[in-house]
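**Student:**
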């Protein structure tokens, strides 16, 4: 997992509403996006103006350096996605075993992304098992809507009530089985951020796309939507590159 600090180079940010970033003074503002580098033409599909001559305007270079400095101090994150596998008894046994195996504080951040019906059980167990005090609670999805007549959806506000710190968005299974487009993934990330939840944005290509040499194009397209929608909050996002063809291969 990598935070999207690299995206600051794209210079294609809109005004955001991320309170955390606003407090930290991370101003990744700018309207140019077509600069040289790994994210060249990243926002082309959104009609962004071309970049300045040297790729980064002086007023934006300081903001990028600020983000790069933060990257150097970042801690790795291991997030376990339990998918649709769980039961009250199984959860109790697995968390107890996990606690027994974590005799010392891990050298990285750890998050458990579990099915929504078990959030209360996990929150209670994480608080009463000393070895798991530092383990964060995560959701496997979040609605792009704050509330309303959206049967079956779970809002970011609801997840926050259970102490969720992370929420997976854009998982390949959601994209494939539920037809979630890039723009909806971006809105889900925005919804999570608005409630102080860190979105884990999943990107990655299928085997067919990889064999067709489309890997870079696909990942850039997926990232472009997130960057376009979440501008100032981009440094608060976790990026999970998970090629669809590699899932389940170990």
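Numbering (the numbering used here), first residue to last: 1 to 250.
C-beta atoms are modelled at their ideal positions from N, C-alpha and C, and glycine is treated no differently.
Is residue 137 near the ligand PLP - that is, is its Cβ less than 7 angstroms away from at least one heavy atom of it?
**Tutor:** This structure lacks the ligand PLP; in fact it carries no ligand of any kind.
**Student:** Can you tell which of 102, 107, 159 and 245 has the C-alpha that lies nearest to the C-alpha of residue 210?
**Tutor:** Stepping through the chain shown from its first residue, residue 210 is reached at position 210. Checking every option, the nearest Cα to that of residue 210 belongs to 245.
**Student:** In terms of residue numbering, what span does the beta strand (DSSP E) encompassing residue 198 cover?
**Tutor:** On the chain shown, position 198 is the one that residue 198 refers to. From DSSP, the beta strand (DSSP E) with residue 198 extends over 198-203.
**Student:** For residue 107, which of helix, strand or coil comes out of DSSP?
**Tutor:** Taking the chain shown and counting its residues from 1, one reaches residue 107 at position 107. Note: residue 107 maps to coil in three-state DSSP.
**Student:** With a 10 Å radius around its C-beta and 16 neighbouring C-beta atoms as the bar for buried, classify residue 256 as buried or exposed.
**Tutor:** Outside the shown range of the chain, which is 1 to 250, sits residue 256, and nothing can be said about it.
**Student:** Which residue comes first and which comes last in the beta strand (DSSP E) that contains residue 81?
**Tutor:** The residue given as residue 81 occupies position 81 in the chain shown. Element bounds for residue 81: 77-81.
**Student:** For residue 122, count neighbouring Cβ atoms within 10 angstroms of its own Cβ and tell me buried if that reaches 16, exposed if not.
**Tutor:** Your numbering for residue 122 matches position 122 in the chain shown. By the 10 Å Cβ count, residue 122 comes out buried.
**Student:** Using the C-alpha atoms, what's the distance from residue 190 back to residue 205?
**Tutor:** Taking the chain shown and counting its residues from 1, the one referred to as residue 205 is at position 205. Taking the chain shown and counting its residues from 1, the one referred to as residue 190 is at position 190. Rounded to the nearest angstrom, the two C-alpha atoms are 23 angstroms apart.
**Student:** Which first and last residues belong to the alpha helix (DSSP H) in which residue 94 is found?
**Tutor:** What you label residue 94 is simply residue 94 of the chain shown in a count that begins at 1. That run of the alpha helix (DSSP H) goes 88-101.
**Student:** So residue 108 and residue 79 are in contact, right, with Cβ under 8 angstroms, and what is the actual spacing, rounded?
**Tutor:** For this step, residue 108 is matched to residue 108 along the chain shown. For this step, residue 79 is matched to residue 79 along the chain shown. Incorrect: roughly 10 angstroms between the Cβ atoms, too far for contact.
**Student:** Measure the alpha-carbon distance for residue 138 versus residue 174 and round it to whole angstroms.
**Tutor:** By one-based count along the chain shown, residue 138 stands at place 138. By one-based count along the chain shown, residue 174 stands at place 174. Their backbone Cα atoms lie some 16 angstroms apart in a straight line.
**Student:** Measure the alpha-carbon distance for residue 242 versus residue 170 and round it to whole angstroms.
**Tutor:** Along the chain shown, one-based indexing puts residue 242 at 242. Along the chain shown, one-based indexing puts residue 170 at 170. Roughly 11 angstroms separates the two Cα atoms.
**Student:** How about residue 185 and residue 238: do their beta carbons lie closer than 8 angstroms?
**Tutor:** Your numbering for residue 185 matches position 185 in the chain shown. Your numbering for residue 238 matches position 238 in the chain shown. Result no, Cβ atoms of residue 185 and residue 238 do not sit closer than 8 angstroms.
**Student:** Which term fits residue 95, buried or exposed, when burial requires 16 or more other beta carbons within 10 angstroms of its beta carbon?
**Tutor:** What you label residue 95 is simply residue 95 of the chain shown in a count that begins at 1. By the neighbour-count rule (16 or more Cβ atoms within 10 Å), residue 95 is buried.
**Student:** Run through DSSP, which three-state label would residue 248 get?
**Tutor:** Along the chain shown, one-based indexing puts residue 248 at 248. Here residue 248 sits in coil by DSSP.
**Student:** Closest to residue 155 by CA distance: which of 163, 145, 164 and 149 is it?
**Tutor:** The residue labelled residue 155 in the question sits at position 155 within the chain shown. Considering only alpha carbons, the answer is 145.
**Student:** Rounded to whole angstroms, what's the CA-CA distance from residue 177 to residue 116? Just pull it up for me.
**Tutor:** Here residue 177 is taken as the residue at index 177 of the chain shown, counted from 1. Here residue 116 is taken as the residue at index 116 of the chain shown, counted from 1. Taking the straight line from one Cα to the other gives about 18 angstroms.
**Student:** Going by Cα to Cα distance, which pick from 199, 223, 106 and 179 is closest to residue 132?
**Tutor:** Residue 132 sits at position 132 when you count from the first residue of the chain shown. Answer by Cα proximity: 106.
**Student:** Just to confirm, are residue 135 and residue 119 a CB contact at a threshold of 8 angstroms?
**Tutor:** The residue given as residue 135 occupies position 135 in the chain shown. The residue given as residue 119 occupies position 119 in the chain shown. No. Outside cutoff.
**Student:** Please name the residue in 159, 141 and 150 whose C-alpha comes closest to that of residue 82.
**Tutor:** Residue numbering aside, residue 82 sits at position 82 when the chain shown is read from its first letter. Closest option to residue 82, Cα to Cα, is 141.
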